[in-house]
Amino acid sequence: MKASMMLLFLLILVVSGLPGLPSLQAHAAETRQARVLASSLTIRSDANLNSPVLGSLKRNTIVSASEESYGWVKIASGRTTGWVAGHYLETLGTDTDTQDRQAPLQTDKKSADKPAKSAASKSERPLAGKVIVIDPGHGGSDTGGIGKKYGTYEKTVNLATSRYVMDKLKEEGAQVILTRIDDRTNLELSTRVRISESQKADAFVSIHYNASPKPVSGTLTFFYSKSKDMGLAYKIEAQLRKNLDLKSNGISYGDYHVLRENNRPSVLVELGFLTNARDESLIRTANYQMKAAAAIVDGLKDYFKD
């Protein structure tokens, strides 16, 4: 009993230290009302993606939210009790500690490193303590592009690659937030931006794979603001050019919602063309996805070294 109480105390202490997290996560046993933000939110029997699906909730449904476990929130709606992805909820209540919006899913709670004590240590671990939001593009009924040869869904490889990026960032000591962790729930562009801004992200990276009716190939990184985003785009694309087996198409201005409306440093990365047979044959492999993830992380490291 003492051991479990100590574990609970440490979990609460770590969670409460992350920026922008609402008091729903700081008080695991306290019940609050919450509103569903997603168009369709999956309810699972336990706080993991492998647990059985119990049902789903429609947008604006009001639920009772209680426990929190690594971004999953336990809810009750009618006769159904289960777990949902926390950042698809907006907490309601009058507690002065409650934030206007629920924090996102998949925050790396173990990586809240203390600031580096010297310039040398900062250079060695430039991502330590940085808040990085990784946005797997599309999701749910929005498949994104579809592979011409193998029928690969963009939403699927976006998520797989994002998970590799998350794992590598955590190894570097970053605080990592995924805007989505499954392909069941539609996530509005405005919600992705809200997550980035509410968490005061040091960098926001939207992961995509490209599609075109033209016979084109390779990677491309988009930015919106020259002053805010261009440097980050350059660093990431430079590492993609250096480390991937596809050609680099450089960086380009992109008038995309997740960049245009985002006040945090942000880029949208296209990691190859699903409509190119050779590109798709690489894209669908874990080896390519891991190499792309490593290149993105190296680009982020270069960006924060400067």
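Residue numbers (mature numbering (1 follows the signal peptide of the UniProt record, and there is no 0)): -28 to -1, 1 to 278.
Ideal Cβ placement from N, Cα and C applies to all residues, glycine included.
- Of all C-beta pairs linking the region 163 to 177 to the region 130 to 149, three or more are shorter than 8 angstroms, placing the two stretches in contact.
- DSSP places residue 41 in the uninterrupted beta strand (DSSP E) bounded by 34 to 41.
- Going by beta carbons, residue 106 and residue 129 fall outside the 8 angstroms limit.
- When C-alpha distances from residue 217 are compared across 198, 204, 252, the shortest belongs to 252.
- Segment contact: the region 158 to 167 against the region 182 to 192, fewer than three CB-CB distances shorter than 8 angstroms; contact not assigned.
- Each residue's CA atom was taken as its position, placing residue 272 and residue 261 some 17 angstroms apart.
- Distance from the Cα of residue 50 is smallest, within the candidate group 219, 228, 15, for 15.
- Rounded to the nearest whole angstrom, the C-alpha separation of residue 180 and residue 240 is 7 angstroms.
- Residue burial annotation: residue 193 is buried, with at least 16 other C-beta atoms found within 10 angstroms of its C-beta.
- Under DSSP, residue 46 takes part in a beta bridge, and its partners are 55.
- With contacts defined as CB atoms closer than 8 angstroms, residue 124 and residue 246 qualify as a contacting pair.
- One Cα belongs to residue 122, the other to residue 36, and the distance between them is close to 43 angstroms.
- Where residue 206 is concerned, there is no enclosing beta strand (DSSP E), although the alpha helix (DSSP H) around it starts and stops at 202 to 215.
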